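Protein chains in written order, with my numbering: chain B, 1 to 125; chain P, 126 to 250.
C-beta atoms are modelled at their ideal positions from N, C-alpha and C, and glycine is treated no differently.
All values derive from a computational prediction rather than experimental measurement.
Quick notes on the structure that follows.
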DNA sequence: GGATTGTTATAATATTTCTATAACATGATG
DNA sequence: CATCATGTTATAGAAATATTATAACAATCC
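Put into structure tokens, the structure is as follows:
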């Protein structure tokens, strides 16, 4: 389990955890059906509280990235048919691209970034 | 001043404020040299505390979007030569694109979003 | 001089985040 | 059946962050 937590970051631990796992799914380090470590196990590995991990898993469940069943724990299960995905993505892009645009980041530079990032996502999409 | 604050959002008020202003700059509703409302004025308009607005302005100053001088208040002044802009942008893109990628958003769909967004940014970049 | 500006200080409250224990029902394992 | 590990839930507290409330200050504009 390669999960990096930055205790000096201003980002909440449970969000860092969530993000790492989503990144892990996108980069195929986690695949549909894979089981995540138990909340207690992962908490111990990282050195944080069980509930913090649980919160991350709960968010991932609500966002449709994992299914959690008794005994098996959290299992990667991606809900690929989300209605608001595109609109949500656009909303998030709008603000972070605004920052770039103010600093003269061109559309082509953004394209290049997208390409680099999607390469890590392996697929040919 | 067209600033929309969502009091039901889970996003901090001062961050919503910051984002709206950055968006305003990107979409040319605010231009280099324009003055922002005084902290007291804007606070009253929105119905929040002066310090919350002040915090937003302080963040904008630190991020290089405004200059603040005595008496004039906050003035749009964009530092376009930021070293870490691209790397920072990539880091932010990585996670939100991961979310999209997991839900089968193709690179072409992302391109299309970028195009739509950059159109609002007016320029030909 | 008076009004308005950002700035600073101090404090109180509310919310969020993280931790700490503990108990529970469930299901796998032996 | 007994044991053990699982997520879940409850409760509580600590710590950090966000928001509000007053108040005062120096600078600057009119």
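Going by C-alpha positions, residue 29 of chain B is about 11 Å away from residue 122 of chain B.
Within chain B, the residues placing a beta-carbon under 7 Å from that of residue 225 of chain P are 85 and 89, ordered along the chain. Taking the beta carbon of residue 217 of chain P as reference, the chain B residues within 7 Å of it are 96, listed in sequence order.
In this structure, residue 156 of chain P sits away from residue 103 of chain B, with a CB-CB distance that is not shorter than 7 Å.
DSSP, reduced to helix, strand and coil, places residue 47 of chain B outside both helices and strands of the structure shown, so it counts as coil. Three or more beta-carbon pairs separated by less than 8 Å link the stretch 65-82 of chain B to the stretch 216-233 of chain P, which places the two stretches in contact. The beta carbon of residue 238 of chain P falls within 7 Å of a beta carbon belonging to chain B, placing the residue at that interface. In the three-state reduction of the DSSP assignment, residue 192 of chain P falls in the strand class. The three-state reading of DSSP puts residue 112 of chain B in helix, counting H, G and I together. Residue contact check for residue 178 of chain P against chain B: no CB pair falls below 7 Å. For the options P:172, P:140, P:233 and P:242, the alpha carbon positioned closest to that of residue 188 of chain P is the one of P:140. The count of Cβ pairs closer than 8 Å, one atom from the stretch 87-98 of chain B and one from the stretch 207-221 of chain P, reaches three, so the stretches are in contact. Taking the Cα positions, residue 114 of chain B is about 11 Å away from residue 234 of chain P. If you ignore the 5 residues before and after residue 20 of chain B, its C-beta comes within less than 7 Å of the C-beta of 3 and 4, all in its own chain and listed in chain order. When the beta-carbon positions are compared, residue 56 of chain B and residue 66 of chain B stay at least 7 Å from each other. Our two residues, residue 159 of chain P and residue 60 of chain B, have alpha carbons roughly 42 Å apart in a direct line.
Taking each of B:13, B:49 and B:26 in turn and checking the Cα distance to residue 119 of chain B, the smallest one comes out for B:26.
Assigned with DSSP and collapsed to three states, residue 181 of chain P falls in helix. Below the 7 Å Cβ cutoff, chain B contributes no neighbours of residue 129 of chain P, its closest Cβ being approximately 13 Å away.
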